[in-house]
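Asker: To start, I am sharing the structure in question, which I have written as structure tokens.
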Amino acid sequence: METRLNGYGEFGQPYEAVALPGCPLSSVDRMFNHMRLTEEDATLAGSIIDTVSREEPLQLLQSRMRQVDERETLEQSSRVAFFAVSIGQLLGLPGEDLGMLARGALCHDAGKSVPRILKYVRSGEQYEKDKPSHAMTTIKEHPRLGSKLVMTSNWPQYIKNAVAAITQGHHMFQKNPYGVAPKGYTLWAEIVSFSDKLDAFLSDRTWRPALLDIPNVRIAIDDEHVGPYKEILMMLCFDGVRFSAQDYLN
Numbered sequence: 001m002e003t004r005l006n007g008y009g010e011f012g013q014p015y016e017a018v019a020l021p022g023c024p025l026s027s028v029d030r031m032f033n034h035m036r037l038t039e040e041d042a043t044l045a046g047s048i049i050d051t052v053s054r055e056e057p058l059q060l061l062q063s064r065m066r067q068v069d070e071r072e073t074l075e076q077s078s079r080v081a082f083f084a085v086s087i088g089q090l091l092g093l094p095g096e097d098l099g100m101l102a103r104g105a106l107c108h109d110a111g112k113s114v115p116r117i118l119k120y121v122r123s124g125e126q127y128e129k130d131k132p133s134h135a136m137t138t139i140k141e142h143p144r145l146g147s148k149l150v151m152t153s154n155w156p157q158y159i160k161n162a163v164a165a166i167t168q169g170h171h172m173f174q175k176n177p178y179g180v181a182p183k184g185y186t187l188w189a190e191i192v193s194f195s196d197k198l199d200a201f202l203s204d205r206t207w208r209p210a211l212l213d214i215p216n217v218r219i220a221i222d223d224e225h226v227g228p229y230k231e232i233l234m235m236l237c238f239d240g241v242r243f244s245a246q247d248y249l250n
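And the structure:
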């Protein structure tokens, strides 16, 4: 993801993406501005994502996605990772948690690289709402299959358990849930799920354009997202309210 810092702020000052000549701000950039991240936050988030993406399991996953020409999923996962790590920072989560959020977000759609899933991802058939189909039934397997891919990696077991839980559970926080986040990983999985929805509504997709106004994004996510930390995440991202993870999330 290209970030466009204005270059004039100091650490502790709000991060601000600015429009470049001939390159207007995307909805994603405007959301980052709306969240009032500091430039230090933005720099640290990018550093964490860059560091974990160099780990062998993620290198292998990215290579797998490139082999099947799934650049769109790779780019989307990077944006979701930036949202997830940024939300974790605003919550005051420790560095180890931020690393897990980055890994989980980068892996959350790993199951879409499985050939029988991939063909439906590309067809767009699964996006026909209210029309149960073999395509939709198949695409719903991607959290479970992604989790299985993670568990075959050479990460230490505690990392595999956490990343697999996020991958398996990122679709359970919605009106029509599927997948499951094992107990103990609910917060991480919900942050990645919430970040996935932010990106889904803020980015152009094959079945609809990005929502251009942040208030409309809020309405859409409020309607779609279900989870124990929903109220906190909504206020954090849309109202500028700041929480202490120790006070609210234990």
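Going by this note's numbering, the sequence shown opens with residue 1, and the numbers climb by one from there. Ideal placement from N, C-alpha and C gives every residue a C-beta, glycine not left out.
Are the Cβ atoms of Met100 and Val163 separated by less than 9 angstroms?
Answerer: Stepping through the sequence shown from its first residue, residue 100 is reached at position 100. Stepping through the sequence shown from its first residue, residue 163 is reached at position 163. Closer than 9 angstroms, so yes.
Asker: Could you give the distance in angstroms between the alpha-carbon of Asn33 and the alpha-carbon of Pro215?
Answerer: Position 33 of the sequence shown, counted from the first residue, corresponds to residue 33. Position 215 of the sequence shown, counted from the first residue, corresponds to residue 215. The straight-line gap from Cα to Cα measures roughly 14 angstroms.
Asker: Three-state secondary structure (DSSP) at His142?
Answerer: Taking the first residue of the sequence shown as 1, we reach residue 142 at position 142. DSSP places His142 in helix when its eight states are reduced to three.
Asker: Pick from Asp222, Lys183, Val192: whose alpha carbon is nearest that of Ile87?
Answerer: Residue mapping note: residue 87 aligns to position 87 of the sequence shown, counting from 1. Per the Cα distances, Val192.
Asker: Quick check: Thr167 and Ala210, are their CB atoms within less than 9 angstroms of each other?
Answerer: Translated into positions along the sequence shown, residue 167 becomes position 167. Translated into positions along the sequence shown, residue 210 becomes position 210. No.
Asker: The alpha helix (DSSP H) with Ala164 in it runs from where to where?
Answerer: As a working note, residue 164 is residue 164 in the sequence shown. From DSSP, the alpha helix (DSSP H) with Ala164 extends over 157–169.
Asker: Excluding five sequence neighbours on each side, which residues of the same chain lie with their C-beta closer than 6 angstroms to the C-beta of Leu236?
Answerer: The residue given as residue 236 occupies position 236 in the sequence shown. Only Leu90 meet the Cβ criterion.
Asker: Rounded to whole angstroms, what is the Cα-Cα separation between Arg71 and Met65?
Answerer: Start at 1 with the first residue of the sequence shown, and residue 71 comes out as number 71. Start at 1 with the first residue of the sequence shown, and residue 65 comes out as number 65. The straight-line gap from Cα to Cα measures roughly 7 angstroms.
Asker: Any idea what DSSP makes of Thr186, helix, strand or coil?
Answerer: Position 186 of the sequence shown, counted from the first residue, corresponds to residue 186. Reduced to three states, the DSSP call for Thr186 is helix.
Asker: Between which two residues does the alpha helix (DSSP H) harbouring Ala84 extend?
Answerer: Here residue 84 refers to the residue found at position 84 of the sequence shown. Note, Ala84: alpha helix (DSSP H), 71–90.
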